[in-house]
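Some notes on the structure that comes next.
Residue numbers (the working numbering), protein chains in the order written: chain A, 161 to 717; chain B, 161 to 717.
Here it is, written out as structure tokens:
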């Protein structure tokens, strides 16, 4: 048969360092022979090392990302969500755009580069109440949240609330935790001059690490230097202590200490990517086991790399992380290049090469123009290390345009005031909220903001009408609910609700709840009955103290 | 009595051009005598003229805004939401931060500078389906939406969907409409090179204006020039035609024409600010009537200015907009200065001065480095007008830092590729969706995404099981619902739902709906019963075609 060979379809799923560099190298090395497509949920590549700077408003959100189509001009980029993989049929199932019909994308060779997910389930309350810093939206949310805390702290007259708002806790002191706490501290410090009612001493910033020192992958003396720098700038570094649980107003530590705070940033709990954990693959430490060539054993034409993969660096790896490729951008980039070479070799009938790479070193920024570096065996700290850090990341940032933009922004920042614009994003309309025994859910005089259902624990409602002397009490357990009087337009809470034990509530925001109840007569009737039965009518007693124009119901479309 | 006079409290509500310039002037002119506080829902001032550029990704979001605290260093800024005003008690009721307890802010003099709101209720479907461009979040949403349309259009294989996605409609051809359509057209044109499967001819951009020409406040020849420029760049300008209704997939015009589109931007429908309309004030054209000194008649110490106010320029104004101050930034700035002078004069026992100002002219950008200008009676068009536009706005942008940032960005843009990063924001979990007779709500094979309740019209569900030959049909009217099988984990739609007449559905997104039903046993039981009764069990027939790993239920906290 002398027919021209058909182009082979190589699908890369995931657009982080590993996926992008694999796709780029595949296109280059396989030009004319391969048809390369990269699938990613976002249309951009995230330069993760810069996320703490985005969170600190030092650079623009869009400067820490590069559109994948600009980065990968010569291959097909598809913005779609991966739903699953059919290894037998050799296809990836994706959903894209507005018509939510799953599509099968056939492949000849598949590269899994999905990275990792976050799994905080071991710590009750942390999944619901901690912020993370994995993605651009996380960084953005963190910035918005911190500035929001300053705005409210500046005008509140409640000392306890003010203290909570001005306490910031970062959990986990690896790279990401250290850089985040440093940038956050810098943001708050720089911003304080705009908040006349907040004194420097009002602010507390904690870094919490379960190991006995921070930056475990760094030499001990650099970690010590980093600890001192952070302390000098007002970060309280707590080592040898972990987190056990969190609520919306506090975090609990393994030593029993409770820190009242509105801001918990979790940089711990790396787990498998949600899709990776459903593929039925052999996972170890939450990562896909591969052979030394980055092939997934037992499957035809499936490769894995980057943070999602566990790639042995030796033929007979032990239970020692040093026997495997580390989860850093440096490694992912090399893995991408090697995987491309291996795939091209395979299709050419040649032998693949095992992955081998030795780290060139590590860098961690400490904010305030300081950093620590351990590069080619040379240890550096201070401003020189920081300049190295900036230069290194600038050179690493893909695309000339992005380099220029970030470089210019860094220059502008040195002569400019910080940006404290708070671009608010909507909070989710349904949220699980954790409470510790004794915590107040709401109290009289608060604006009614939604409806609560108990999913765990028990909660006590007390209503006292100061005018009539009436008193009402009720305890709610799982499946029971309160706050339904939002449906009948009372504007302010008349009752006090307190957690009788540790518990969880499902909160549904007023607008969503009333829309639902109004559209759905069955539910509306249920609540009307319930209110009549439980409170003896809607307006008889416990009437709101004042009318509130904003509580008017939305006009139906 | 020789006691030192107490400082008078002046409260300014609203942080647009009028509010900010009033607060600034009050602080300066009343130093030592006045205690000035400005209240605004966001912690930043929005430079509205630049919003279309934000929407077009020409400048960063944060470059079109300036933190109020940076702008107004010498006075108290409070980020809070105004809930109402008690004119008798002389206090403004606000809600701020996390503790939702309304607070009374007492004032001696009050300046209402709340601007306007958007009211699209006259056009069924437009409030739910049109994007607006009043605020930073609007601009951001528009950009995200347009880039999302390009991403999906590039990979969809459905020609009808592709056409819808690539049709962009702007309603209203005043300043804002013209600048928005021009910038949007430019964004799409510049971005096309990254979307290999979209041809230039696939894209359609419409500008729709009810009047017989665009830019009604400009001289006719400049409007004519603007029309030609827009047409040259591929904008179809339809004048003398309005909008009657909209759905998620089309807009209907007064001439009966229906344009299938996923993107409708409404720049029409200015109405009173939601709070202003509840104050019981004398409104005309949706604006607060003031006297020539900007005092609100009948109230003690209450002033109004900017877009929220209707300020007569002559003693005996007629039903002629020319007899009143126009709603532009230029006027608002002068009003702010004059109102400050009048308030200071009043407190000093002197006479206030009537507001008087004559517009210096207007400028409108047409994109692609062209503009029209009518300044001091001189008419300009083309690149020179565009340079004037940029220079003028740069000089107008408050704060040196913002000027420098925007200037640098503009310079960078001239040598840089456009930014097509799509930073997605969450869509609301409950939405009203309008349908025209015959529209499909969903069809077999689509991923189940939520639960629908009929609020208007009627909808027909048809399920055919190709394997068993079973057939099921049901019509749903107001208060009835479908899609509840999302609760029992079927992954893909098995039925087809079509609107039998024009109607509206309330959509509740899967996660919110399942959380609610699971927390609330009463509802869960209702749906289990309902599914059993209506469909004869959950898994008996109509089973999903394939399993879907993503449909696993969320772990309860």
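Quick reminder that beta carbons are idealized off the backbone N, C-alpha and C, glycines included.
Asked	Found
Residue 303(A) burial status per 10 Å Cβ neighbour count (16 or more: buried)	buried
The stretch 549 to 572 of chain B: positions lying closer than 8 Å to chain A by Cβ	561, 564, 565, 568, 572
Inter-residue CB distance, residue 312(A) and residue 674(B) (contact presumed, cutoff 8 Å)	Rounded, the Cβ-Cβ distance is 32 Å, inconsistent with contact.
Distance between residue 214(A) and residue 220(A) (C-alpha atoms, nearest Å)	6 Å
Residues from the stretch 656 to 670 of chain B in contact with chain A, defined by Cβ distance under 7 Å	664, 666, 668
Identified DSSP bridge partners for residue 463(B)	271(B), 455(B)
Beta-bridge pairing of residue 403(A) - partner residues as DSSP gives them	413(A)
Cutoff 8 Å: residue 221(B) Cβ touching any chain A Cβ	yes
Rounded straight-line distance, which links the Cα of residue 603(A) to that of residue 318(A)	14 Å
Nonlocal neighbours in the same chain, by C-beta distance under 8 Å from residue 537(A), ignoring five residues either side	521
Span of the beta strand (DSSP E) around residue 654(A)	First-last for residue 654(A): undefined, no H or E at that position.
Where residue 370(B) falls: helix, strand or coil (DSSP)	coil
Length of the line joining the Cα atoms of residue 463(B) and residue 173(B)	11 Å
Helix, strand or coil at residue 543(A) [DSSP, three-state]	helix
Closest residue to residue 413(A) among 352(A), 329(A), 439(A) (Cα-Cα distance)	329(A)
Integer-rounded CB distance, given that residue 205(B) should sit under 8 Å from residue 175(B)	5 Å
DSSP state of residue 616(A) mapped onto helix, strand, coil	strand
Three-state secondary structure (DSSP) of residue 276(A)	strand
Residue 320(B), buried or exposed, once every other Cβ within 10 Å from all chains shown has been counted against 16	exposed
Short Cβ contact (8 Å threshold) for residue 187(A) with residue 260(A)	no
Limits of the beta strand (DSSP E) - the one that residue 227(A) falls within	225 to 227
Closest by C-alpha distance to residue 327(A), when choosing among 193(A), 409(A), 446(A)	409(A)
Inside the stretch 460 to 522 of chain A only - beta strand (DSSP E) runs reaching at least 3 residues	462 to 464
C-beta neighbour in chain A for residue 175(B), strict 8 Å	no
In DSSP terms, what residue 632(A) is bridged to	623(A)
Interface partners of residue 346(A) on chain B, CB under 8 Å	Result: empty, since nearest Cβ-Cβ is about 17 Å, beyond 8 Å.
Opening and closing residue of the beta strand (DSSP E) in which residue 606(B) lies	No beta strand (DSSP E) contains residue 606(B), which DSSP labels as neither H nor E.
Neighbourhood of residue 664(A) by C-beta, 6 Å cutoff - its chain only, sequence neighbours within 5 removed	592, 594, 615, 616
Supposed close pair residue 256(A), residue 240(A) - CB separation, criterion 8 Å	4 Å
Proximal chain B residues relative to residue 315(A), where beta-carbon distance stays under 8 Å	238, 239, 240, 256, 257
Exposure of residue 474(B), with buried meaning 16 or more beta-carbon neighbours within 10 Å	exposed
Alpha-carbon to alpha-carbon, residue 682(B) and residue 639(A)	8 Å
According to DSSP, residues forming a beta bridge with residue 364(B)	327(B)
Check whether residue 667(B) and residue 610(B) have beta carbons under 8 Å apart	yes
Under 7 Å from the C-beta of residue 585(B): neighbouring residues of chain A	585
Beta-carbon proximity of residue 562(B) to residue 223(B), cut-off 8 Å	yes
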